[in-house]
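A.B. asks: Could you have a look at this structure, given as structure tokens, before my questions?
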């Protein structure tokens with residue numbers, strides 16, 4: 001779970017920075033379509 005959380009935090013940081021510099025609409029158009037692959041867990 002930690003690598004996924006780290007990736008999410010990194011993306012959120014970038015999205016917030018872009019929102020402040022280029023506007024929320026630009027950031028939303030770029031970051032809302034992103035997905036983070038989740039590894040399969042062994043059950």
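In the working numbering, the protein residues as written are 1 to 43. Built from N, CA and C at the ideal position, the CB exists for glycine as well.
1) Look up residue 39 in the DSSP assignment and say whether it is helix, strand or coil.
2) Kindly list the residues whose CB is nearer than 7 Å to the CB of residue 27, restricted to its own chain and excluding five residues on each side of it in sequence; keep chain order.
3) Quick one, which of 3, 38, 8, 4 has its alpha-carbon nearest residue 32's?
4) Would you decide whether residue 25 is buried or exposed? Buried here means 16 or more other CB atoms lie within 10 Å of its CB.
5) What three-state label does DSSP hand residue 19 in the structure shown?
C.D. replies: Straight from the coordinates:
1) Collapsing the DSSP output to three states places residue 39 in coil.
2) If we look at residue 27 and ignore the five residues flanking it on each side, its Cβ neighbours are 15, 18, 19.
3) Measuring from the Cα of residue 32, the nearest candidate turns out to be 8.
4) Exposed.
5) It is helical.
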